[in-house]
Amino acid sequence: MREGHAERAARFAADEGRARWHDGALWAVRQKRDRLAEELPEWEELRERAAQIKAHTRARLADYLEEFEREATARGAVVHWARDAEEHNRIVHQILALKAIRRLVKSKSMLTEECGLNAFLEARGIEVVDTDLGERIVQLAGEPPSHIVLPAIHKRREEVGALFHRTLGTEAGLSDPTALTAAARRHLRERFLRAEAGLTGVNFAVAETGGVVVCTNEGNADMGTSFPRIHIACMGVEKVVPRLEDLGVLVRLLARSATGQPITTYTSHFHGPLPGGELHVVIVDNGRARLLADPAFRGALACIRCGACMNTCPVFRRSGGHSYGFTIPGPIGSVLAPAWDPLAHTSLPFASSLCGSCDDVCPVRIPLHDLLLERRRQLVAGPGSISPGKRLAMLLLGLALRSRARYQASGWLLRFALRHLPRWLLYGPWNPWGRQRELPPAPPATFREAWRARQGQGRKGGGGG
Amino acid sequence: MRVALFIPCYVDQLYPGVGLATARVLERLGCEVVYPEDQTCCGQPMANAGFAAQAAPLARRFLDVFSGFEAVVCPSGSCTSMVRNHYHGLLAGDPRYGAVRAATYELCEFVADVLGVERLPGRFRRRVGLHQSCHGLRELRLAAGSERRVAPFDKVASLLRSLEGLELVSLSRPDECCGFGGTFAVAEEAVSCLMGRDRIADHLRAGAEVVTGTDVSCLMHLGGLARRAGAPLAFLHVAEVMAEAMG
């Protein structure tokens, strides 16, 4: 069997100390989110409004994108359209190549992770420096981000110290977060100063103003777009919102949901290029139109990438973002991944206990656990992704439960096995339940037998069994 | 009021005491209780694994068995939610569904909302940890939940607290999933068990002697882990706590 989430998660969870630390770190973020949400009496109303804004925009997406293009162009930006990752990467490369640019600084953009932009540009001789601290850490480590808001959350500070010692030449054994941040700051400042272009993601693109909005806590997007004269902003088609006032809903939800802050430290609105500079906006589809056309899953396009579903997910916290094997991990990633490549991500819809906590933290009210269930149904209905053993088991279970006689006979067998099989057989390697758990003891009678006995006694004892 | 017992398959086969306790609680509260013997399973194990075609005949069977009852009461939030929230797509507009859906309740919500009971008679002198099962909490809204900003309420905890002597301990994570999750418990065994052991540790730290909840499936998972580890905790379904308290 191909390795899936369960196998990768089991490796992460095997180091219980690390898994508990990871769980605790993200749970603390969830608690901060709870405290901030608690401060707003209108929180649930905001979530509803945000869901409505996103649903409305989705229904007229093409119109709003064209309006955005007109307004952005009127303000001096150059708007590019990319059908897929490849075209996106080529457009960005062309913009840089035209000016013979060799040094690019980037602020956080999950879209460019999705498109594999860094590798594409590096293969063409361009130095790409991620300037978000967490992104820089994973870039130096040669790893993908493990979380969309906290890309290096899987690394302990001692590991970051060792990494910086190896890559940035800091002193050995350094693990003080303030000292490590200061070292990264010095290193990044030098990269900012020599950069020839800056690339950012886009949190929101406003159709009526043609502006793009970038939210960061480190000011790295602002540094990266202030020194170099060329700013490339890359966005998925779903980032557009109709009006500036929609941000009054969405920005209020974003940072509170993401990190438990009232607002990110920097919320920068870009309208046109710097004097004498260039602003390029690359609008990318890469599978989103296909998702939009799918009535069952189009709601997932509402995602504003806050990561709250990851922080609250008890499975994510104990299995780590890398166990998902997709750019966007966690509940929303498990819903999205099969839209890109269903056969590569068949385990993800099952990487959930369907507890539903993600639905209730989602600031745009995506019914995540229902969508995970829908993905499961889709996988079962299609060929090749569910093992024949599981199909047979479900078929037999369904058959057994469809008739009372077969159900009672199967139940009898189960209880007989629980009572009489020797422990070595009952808890053999075939039984994953019993690896860490006891099976329930078999009762002497079923409920229906006990019920009959009780009715026969004229309910005098009211119990028995 | 005449009440039909909807006893989940695993309760019938493995936890008959929970079914009997449910009947006893309802009778003590003045209900006439019947048990339609043709019931087997609501179809949730197949439905949650994505096997809608295997679940659909069981949804139809459920309507065959339970149509016509004024109230259908179940000692499981998860199975109740299956009927209330997940049958729609399986029944292709069966006209009987609306009435059955409206009549089907989880035990605590039936006691609180339909019977209108605010205080239960009886005493239970032990320190109890309440495990909020996810489907009862977030699909049936038996309580407000820690994620949403709504006026706090908790139907299960309110009933438990009304029992004399019962002390509900406060957990550091009051409504985190235990990791059972149906087939998840075996398909993702490692994470499932880590989640469960974390819940048990929370209850132990809070000083619980008994862990209770609306769903035996979660308690079977937690109890199985606790027994293997030798943790000093008893696991009782809310119906068992209430029945024991009410005598």
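Chains A and B, in that order, give the protein sequences. If you number the first sequence the way the numbering used here does, the last residue is 1683 and the count never jumps. If you number the second sequence the way the numbering used here does, the last residue is 663 and the count never jumps. Backbone N, C-alpha and C fix where the C-beta goes; we use that ideal spot for every residue, glycine too.
query, result
"Three-state class that DSSP yields for L652/B in the structure shown", "strand"
"Three-state secondary structure assigned by DSSP to H1449/A", "strand"
"Proximity to L1636/A [Cα-Cα], best of G1235/A, V1455/A, P1661/A", "P1661/A"
"Extent of the continuous alpha helix (DSSP H) run through N1281/A", "What sits at residue 1281/A in the sequence shown is Asp, not Asn. Looking at the DSSP string, the run of the alpha helix (DSSP H) that includes D1281/A is 1279–1292."
"Residue of D1464/A, G1490/A, L1572/A minimising C-alpha distance to G1294/A", "G1490/A"
"C490/B, DSSP secondary structure in three states", "strand"
"R1412/A versus T599/B: straight-line alpha-carbon distance, rounded", "54 Å"
"DSSP state of V427/B mapped onto helix, strand, coil", "helix"
"Secondary structure of G1683/A, DSSP reduced to three states", "With a pLDDT of 33 at G1683/A, under the threshold of 50, the modelled position of that residue is not reliable, and the figure given next carries that caveat. G1683/A: coil per DSSP, three-state reduction."
"6 Å Cβ shell around I1309/A - same chain, five flanking residues per side excluded", "H1298, A1300, V1500"
"Stretch-stretch touch, CB-based, cutoff 8 Å, three pairs: the stretch 525–540 of chain B with the stretch 1554–1573 of chain A", "no"
"Proximity to F1694/A [Cα-Cα], best of R1672/A, L1471/A, R1276/A, V1553/A", "Outside the displayed range of chain A (1219 to 1683) lies residue 1694/A, so it cannot be described from this structure."
"Cβ of S1571/A within 8 Å of any chain B Cβ", "yes"
"Alpha-carbon to alpha-carbon, F1382/A and A1390/A", "9 Å"
"Rounded separation between P1369/A and G1352/A - CA only", "5 Å"
"For H637/B and P1658/A, the rounded distance between their alpha carbons", "9 Å"
"Contacts that G1629/A makes with chain B (C-beta to C-beta distance below 8 Å)", "C425, D428, Q429"
"Euclidean distance between Cα positions of T520/B and C490/B", "8 Å"
"Contact under 8 Å by Cβ, C1452/A with L1417/A", "yes"
"As assigned by DSSP and simplified to three states, the class of S1164/A", "Nothing can be reported for residue 1164/A, as the shown portion of chain A is limited to 1219 through 1683."
"CB contact check: E1262/A to chain B, cutoff 8 Å", "yes"
"Chain-ordered neighbours of L1654/A on chain B, where CB pairs are closer than 7 Å", "A quick correction: the sequence has Gln, not Leu, at residue 1654/A. Here the neighbours are C609, L641, R644."
"Limits of the unbroken beta strand (DSSP E) element including Y1484/A", "1484–1488"
"Residues in the stretch 1222–1247 of chain A having any Cβ partner in chain B nearer than 8 Å", "H1223, A1224, A1227, A1228, A1231, A1232, E1234, A1237, R1238, D1241, W1245"
"Beta strand (DSSP E) segments (min. 3 residues) lying fully within the stretch 436–515 of chain B", "448–450, 487–490"
"Heavy atom of the ligand ATP within 7 Å of L1617/A beta-carbon", "The ligand ATP is not part of this structure, which contains no ligands at all."
"Sufficient close CB pairs (3 or more, under 8 Å) joining the stretch 511–528 of chain B to the stretch 1525–1545 of chain A", "no"
"Residues that W1299/A bridges to, as DSSP identifies them", "I1501/A"
"Straight-line gap, E525/B to R1251/A (C-alpha atoms, nearest Å)", "30 Å"
"Of the residues F596/B, A472/B, A655/B, A622/B, the one placed nearest P1650/A, counting alpha carbons only", "F596/B"
"For T1275/A and V481/B, the rounded distance between their alpha carbons", "45 Å"
"T628/B and L546/B closer than 8 Å at C-beta", "yes"
"For V1432/A and V1459/A, believed in contact at Cβ under 8 Å, the rounded distance", "14 Å between Cβ atoms; not a contact."
"Neighbour flag for E592/B against chain A, beta carbons, 8 Å", "yes"
"Residues from the stretch 1596–1623 of chain A in contact with chain B, defined by Cβ distance under 7 Å", "L1597, V1598, M1612, L1613, L1615, G1616, L1619, R1620, R1622"
"C-alpha gap between S1475/A and G1525/A, whole angstroms", "8 Å"
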